[in-house]
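Below is one structure; the comments refer to it alone.
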Amino acid sequence: MAAYLLRRLLASLLTLWVIVTLTFVLMHAIPGDPFLTEARLSPQAVRNLRTYYGLDRPLSVQYATYVGNLLRGDLGRSLRSEVRDINRIVREGLPVSALLGAQALLLAIVGGVTLGVLAALGHNRWPDHLSIGVAIIGISVPSFILATLLIDVFAVKLAVLPVSLWGTWRHTVLPTVSLALTPLAYVARLTRSSMLEELSQDYVKAALTRGLSRGRVIVRHALRGALLPVVTVLGPITAGVLAGSFIIENIFGIPGIGKIFVLSISDRDYPLILSGAVVYSVLLLLANLLVDVGYTILDPRIRIAGGSR
Amino acid sequence: MMPAHPTEAAPPPELFRSRIGPAPAPPAAPLAEWHALRRLRAHRLGLAGLVMIGLLTIMAVVGPSLVPYAYDEQNMLETNEPPSARHWFGTDDFGRDVFARTWVGARISLFVGFSAALLDLLIGVVYGGISGASGGSVDLAMMRVVDLLYGIPHLLSTILFMVVLGPGLFTIIVAMVATGWLGMARLVRGQVLLLKELDYVQAAHALGVPLSRLLARHLIPNTMGPILVNLTLTIPTAIFTEATLSFLGLGVPLPLASWGTMTAEGLVTLLTGQTWRLFFPAVFISLTMFAFNAFGDGLRDALDPRLRR
Chain S
1 MAAYLLRRLL
11 ASLLTLWVIV
21 TLTFVLMHAI
31 PGDPFLTEAR
41 LSPQAVRNLR
51 TYYGLDRPLS
61 VQYATYVGNL
71 LRGDLGRSLR
81 SEVRDINRIV
91 REGLPVSALL
101 GAQALLLAIV
111 GGVTLGVLAA
121 LGHNRWPDHL
131 SIGVAIIGIS
141 VPSFILATLL
151 IDVFAVKLAV
161 LPVSLWGTWR
171 HTVLPTVSLA
181 LTPLAYVARL
191 TRSSMLEELS
201 QDYVKAALTR
211 GLSRGRVIVR
221 HALRGALLPV
231 VTVLGPITAG
241 VLAGSFIIEN
251 IFGIPGIGKI
261 FVLSISDRDY
271 PLILSGAVVY
281 SVLLLLANLL
291 VDVGYTILDP
301 RIRIAGGSR
Chain Y
310 MMPAHPTEAA
320 PPPELFRSRI
330 GPAPAPPAAP
340 LAEWHALRRL
350 RAHRLGLAGL
360 VMIGLLTIMA
370 VVGPSLVPYA
380 YDEQNMLETN
390 EPPSARHWFG
400 TDDFGRDVFA
410 RTWVGARISL
420 FVGFSAALLD
430 LLIGVVYGGI
440 SGASGGSVDL
450 AMMRVVDLLY
460 GIPHLLSTIL
470 FMVVLGPGLF
480 TIIVAMVATG
490 WLGMARLVRG
500 QVLLLKELDY
510 VQAAHALGVP
520 LSRLLARHLI
530 PNTMGPILVN
540 LTLTIPTAIF
550 TEATLSFLGL
560 GVPLPLASWG
570 TMTAEGLVTL
580 LTGQTWRLFF
590 PAVFISLTMF
600 AFNAFGDGLR
610 DALDPRLRR
């Protein structure tokens with residue numbers, strides 16, 4: 001298992017390197033110069049700026065410097081943002097995004113599993129219809145539309161929650177719900193079908209005939225088996241939440257890295273765009289690695305086989 | 310005079326193709342095909358999805374010409390008018406007809422969805438087909454490349470490509486396909502590997518049928534089932550991505566009317582009250598997402614009854 005994890009770790013690092021390199025190449029493939037748009041700068045000032053940011057050196061040198069800095073944990077300097085040190089920008093924005101993301105993930109998983117289990121237990125009765133309804137809404141309604149709807153109802157009409165910005169827990173409610181609904185719907189749908197499958201297995205019937213209580217069988221045995229497929233989608237779900245945070249943070253004006261990243265794109269702030277890509281990729285690869293570890297722990301079959309993926 | 314068994318003369322690949330491919334002329338359809346069709350018909354949600362896709366497509370084609378206004382025609386005397394007999398969906402802050410804009414938005418969404426999905430399919434089938442059919446070190450190398458790229462977050466790479474390529478309808482499609490084909494390539498390869506072991510394929514191979522013919526005549530047609538499902542489910546993802554990008558201002562340029570840009574422009578109406586500007590694009594994008602997802606699910610259930618739940 002250690003060898004398997006090591007292999008996964010190496011693969012993740014390789015993917016990260018590909019992302020860093022591709023992003024670097026893409027950013028430098030853009031025609032034009034980030035400073036040429038500023039008409040007020042004298043040619044000397046532009047030259048100085050280019051030297052300051054190292055843009056006058058050959059691409060290979062810039063690439064080597066960039067990767068070297070990354071390895072030392074230095075994300076570089078932003079071209080436009082008020083705070084120039086990107087490390088500081090990430091340090092300030094990441095906790096905000098992490099809190100929002102973690103809350104959304106937690107809500108999606110706990111809510112989704114609960115809804116899915118209830119639906120499976122009440123198959124073809126109202127809990128089932130409720131969960132299907134939530135799943136349909138969650139999969140059909142894009143998060144930015146849901147966010148708008150929630151703002152309209154809870155912030156504008158009922159005025160019980162703040163419209164936007166960040167600060168107290170009350171500010172986190174609407175963004176968390178908007179971010180969580182789509183993954184929640186997927187988790188609920190998946191839990192429901194895998195729970196139905198587990199409940200129809202012979203071992204469940206056997207356990208019940210031997211007189212084990214229904215609740216115990218469901219929680220201790222069926223649920224454990226049913227959760228395995230849910231664990232496998234945690235990676236994609238985390239990716240979805242990360243991507244969703246780009247939009248949600250923008251709608252609610254939350255000072256996280258998602259908002260900064262989108263802003264850096266419209267600003268053409270290349271070092272910041274690069275850093276955004278790196279930070280998001282690291283987060284995602286880390287999440288996928290954790291999911292793999294979790295899966296090997298949960299499923300003994302994989303532990304023995306040494307991992308087939 | 311009809312022969313006693315109309316399907317008997319058909320060669321095996323035809324029979325397999327028609328089992329999972331699109332419907333051939335009814336009299337010649339083998340039994341299995343009818344099962345899939347009947348199951349799809351029994352899947353009410355999937356059927357509703359198909360009908361909605363049809364209606365949306367028709368409206369995307371004829372919708373804009375049902376009203377005497379162009380989607381970008383401004384009329385400063387009739388700004389922000391509520392829905393009426395003159396303007397069925399009202400007008401926006403430039404006096405543009407929301408009905409015309411909504412259906413131009415439908416055109417963009419459907420165009421982006423279908424073209425991205427078809428391009429994914431094309432690249433994925435060729436790449437995955439070659440990889441799976443070749444096997445050995447070619448397969449290994451080709452799949453390593455896919456694995457590496459697969460770790461890149463989809464929305465992230467799409468955004469980065471948009472930054473480089475500049476805003477526009479075609480660049481959105483290119484940006485999405487840049488990493489979108491990977492999933493399809495994996496799926497096709499898996500399917501080909503599965504089929505390669507089948508006796509009739511082995512027999513054809515032993516008889517000296519060249520690889521290209523094997524791919525075109527046997528392997529690819531027989532993998533159509535899951536591929537069709539994947540294709541149907543790629544469309545809403547592409548539509549969602551386009552709307553998200555346009556919502557963030559990274560998508561189609563103004564004055565083109567995308568559902569994403571219309572929603573973004575409509576955000577302020579939460580406070581100013583002309584909510585019809587938000588309502589129509591929001592409702593139709595949700596309906597479109599629902600239709601494709603429901604149809605894709607129905608198709609999956611119809612083609613693979615084991616997954617039915």
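Taken in sequence, the protein lines are chains S and Y.
Position one of the first sequence corresponds to residue 1 (my numbering), numbered consecutively onward.
Position one of the second sequence corresponds to residue 310 (my numbering), numbered consecutively onward.
We put the beta carbon where it would ideally sit given N, CA and C, even for glycine.
To the nearest angstrom, how far is the alpha carbon of V141 of chain S from that of W169 of chain S?
On the first sequence, residue 141 of chain S is found 141 positions in, with the first residue counted as 1. On the first sequence, residue 169 of chain S is found 169 positions in, with the first residue counted as 1. Going by the C-alpha atoms only, they are around 25 Å apart.
What number of angstroms, rounded off, separates the C-alpha of G444 of chain Y from the C-alpha of L208 of chain S?
For this step, residue 444 of chain Y is matched to residue 135 along the second sequence. For this step, residue 208 of chain S is matched to residue 208 along the first sequence. Each residue's alpha carbon lies about 47 Å from the other.
Name the DSSP beta bridge partners of D406 of chain Y, please?
Within the second sequence, numbered from 1, the residue matching residue 406 of chain Y stands at position 97. Y:T400.
Three or more C-beta pairs closer than 8 Å, one from the segment 220-229 of chain S and one from the segment 130-139 of chain S: is that the case here?
no
Strictly under 8 Å for the Cβ-Cβ distance: is D269 of chain S near chain Y by that measure?
Residue 269 of chain S sits at position 269 when you count from the first residue of the first sequence. So no, D269 of chain S is outside the interface.
Counting only runs that start and end within the segment 487-520 of chain Y, where is the alpha helix (DSSP H) found for 4 or more residues in a row?
508-515
Say whether chain S places a C-beta atom closer than 8 Å to the C-beta of N602 of chain Y.
What you label residue 602 of chain Y is simply residue 293 of the second sequence in a count that begins at 1. Yes, because at least one Cβ of chain S sits closer than 8 Å to the Cβ of N602 of chain Y.
My understanding is that S275 of chain S touches G76 of chain S, with C-beta atoms under 8 Å, so please give their C-beta distance in whole angstroms.
Against the first sequence, residue 275 of chain S aligns to sequence position 275. Against the first sequence, residue 76 of chain S aligns to sequence position 76. The Cβ separation is near 7 Å, so the contact holds.
Below 7 Å on C-beta distance, what does T23 of chain S contact in chain Y?
Taking the first sequence and counting its residues from 1, one reaches residue 23 of chain S at position 23. Here the neighbours are L469.
Along chain Y, in chain order, which residues have C-beta atoms closer than 9 Å to that of V177 of chain S?
Counting from 1 along the first sequence, the entry for residue 177 of chain S is found at position 177. Near V177 of chain S there are no residues of chain Y at all, since even the closest Cβ is about 17 Å away, more than 9 Å.
List the DSSP bridge partners of R77 of chain S.
For this step, residue 77 of chain S is matched to residue 77 along the first sequence. R77 of chain S pairs with S:D85.
Mind checking whether G358 of chain Y and G534 of chain Y have CB atoms under 8 Å apart?
As a first step, residue 358 of chain Y must be located in the second sequence, where it is residue number 49. As a first step, residue 534 of chain Y must be located in the second sequence, where it is residue number 225. No.
If the cut-off is 9 Å on Cβ atoms, which residues from the segment 83-116 of chain S count as contacting chain Y, listed in chain order?
none
For R395 of chain Y, name the three-state secondary structure that DSSP assigns.
Position 86 of the second sequence holds residue 395 of chain Y. Correct three-state label for R395 of chain Y: coil.
Per-residue DSSP class, three states only, for L554 of chain Y
Along the second sequence, one-based indexing puts residue 554 of chain Y at 245. Taken through DSSP and simplified to helix, strand or coil, L554 of chain Y comes out as helix.
Alpha carbon of A102 of chain S to alpha carbon of L386 of chain Y, nearest angstrom:
Mapped onto the first sequence, residue 102 of chain S falls at position 102. Mapped onto the second sequence, residue 386 of chain Y falls at position 77. A102 of chain S and L386 of chain Y: Cα-Cα distance of roughly 49 Å.
If you draw a straight line from the C-alpha of P255 of chain S to the C-alpha of W166 of chain S, how long is it?
Position 255 of the first sequence, counted from the first residue, corresponds to residue 255 of chain S. Position 166 of the first sequence, counted from the first residue, corresponds to residue 166 of chain S. Rounded to the nearest angstrom, the two C-alpha atoms are 7 Å apart.
Segment limits, alpha helix (DSSP H) that includes W166 of chain S
If you number the first sequence from 1, residue 166 of chain S lands on position 166. No alpha helix (DSSP H) contains W166 of chain S, which DSSP labels as neither H nor E.
Could you say which of Y:F408, Y:R353, Y:P392 lies nearest to F593 of chain Y if we only look at CA atoms?
Sequence index remark: in the second sequence, residue 593 of chain Y carries index 284 (1-based). When only C-alpha atoms are compared, the closest one is Y:F408.
When you compare only the Cα positions, how much space is there between T65 of chain S and L59 of chain S?
Walking along the first sequence from the start, residue 65 of chain S turns up at place 65. Walking along the first sequence from the start, residue 59 of chain S turns up at place 59. Near 10 Å, if we compare the C-alpha coordinates of L59 of chain S and T65 of chain S.
On the three-pair Cβ rule with 8 Å, is the segment 106-115 of chain S touching the segment 142-149 of chain S?
Judged by Cβ distances under 8 Å, the segment 106-115 of chain S makes no contact with the segment 142-149 of chain S, as fewer than three pairs qualify.
Same chain, Cβ closer than 7 Å to R495 of chain Y, five either side skipped, listed in chain order:
Taking the second sequence and counting its residues from 1, one reaches residue 495 of chain Y at position 186. The answer, listed in chain order, is G437, V455.
Tell me whether the beta-carbon of L234 of chain S lies closer than 8 Å to the beta-carbon of L283 of chain S.
Stepping through the first sequence from its first residue, residue 234 of chain S is reached at position 234. Stepping through the first sequence from its first residue, residue 283 of chain S is reached at position 283. Contact: no.
How should K259 of chain S be labelled, buried or exposed, when 16 other C-beta atoms within 10 angstroms of its C-beta is the threshold for buried?
The residue labelled residue 259 of chain S in the question sits at position 259 within the first sequence. Its Cβ being crowded by 16 or more others within 10 Å, K259 of chain S is buried.
Chain Y contacts from the segment 124-147 of chain S (Cβ-Cβ distance under 7 Å):
I136, I139, S140, V141, P142, F144, I145
Excluding the five sequence neighbours on either side, which residues of its own chain have a C-beta within less than 7 Å of the C-beta of F316 of chain S, listed in chain order?
The structure shown does not extend to residue 316 of chain S, since chain S is modelled only from 1 to 309, so the question has no answer here.
I'd like the span of the alpha helix (DSSP H) that includes R57 of chain S, first residue to last.
Counted from its first residue, the first sequence places residue 57 of chain S at position 57. First-last for R57 of chain S: undefined, no H or E at that position.
For R214 of chain S, count neighbouring Cβ atoms within 10 angstroms of its own Cβ and tell me buried if that reaches 16, exposed if not.
One-based indexing of the first sequence puts residue 214 of chain S at position 214. When all chains shown are included, R214 of chain S counts as exposed.
Who are the Cβ neighbours of N288 of chain S in its own chain at under 6 Å, not counting the five residues just before and after it?
As a first step, residue 288 of chain S is located in the first sequence; it is residue number 288 there, counting from the start. G235, listed in sequence order.
Taking DSSP as the reference, what is the three-state secondary structure of E92 of chain S?
Residue numbering aside, residue 92 of chain S sits at position 92 when the first sequence is read from its first letter. Reduced to three states, the DSSP call for E92 of chain S is helix.
Expected contact under 8 Å - CB spacing of L579 of chain Y and V156 of chain S to nearest Å:
Here residue 579 of chain Y refers to the residue found at position 270 when the second sequence is read from its first residue. Here residue 156 of chain S refers to the residue found at position 156 when the first sequence is read from its first residue. Their Cβ separation, rounded to whole angstroms, is 6 Å, which keeps L579 of chain Y and V156 of chain S in contact under 8 Å.
Between the segment 572-592 of chain Y and the segment 397-417 of chain Y, do at least 3 Cβ pairs fall closer than 8 Å?
Three or more Cβ pairs closer than 8 Å define a contact, and the segment 572-592 of chain Y meets that threshold against the segment 397-417 of chain Y.
Can you say whether Q500 of chain Y is buried or exposed, counting buried as having 16 or more other CB atoms within 10 angstroms of its CB?
Here the question's residue 500 of chain Y lines up with position 191 in the second sequence. Classification of Q500 of chain Y: buried, given that the 10 Å Cβ count is 16 or more.
The alpha helix (DSSP H) enclosing Y4 of chain S, as first and last residue numbers:
Taking the first sequence and counting its residues from 1, one reaches residue 4 of chain S at position 4. Residues 2-29.
Contacts that L284 of chain S makes with chain Y (C-beta to C-beta distance below 7 Å):
Taking the first sequence and counting its residues from 1, the one referred to as residue 284 of chain S is at position 284. Ordered by position in chain Y, the residues that pass the 7 Å Cβ test against L284 of chain S are P462.
Helix, strand or coil at D381 of chain Y according to DSSP, with G and I counted as helix
Here residue 381 of chain Y corresponds to residue number 72 of the second sequence, with the count starting at 1. The answer is coil: DSSP assigns D381 of chain Y none of H, G, I, E or B.
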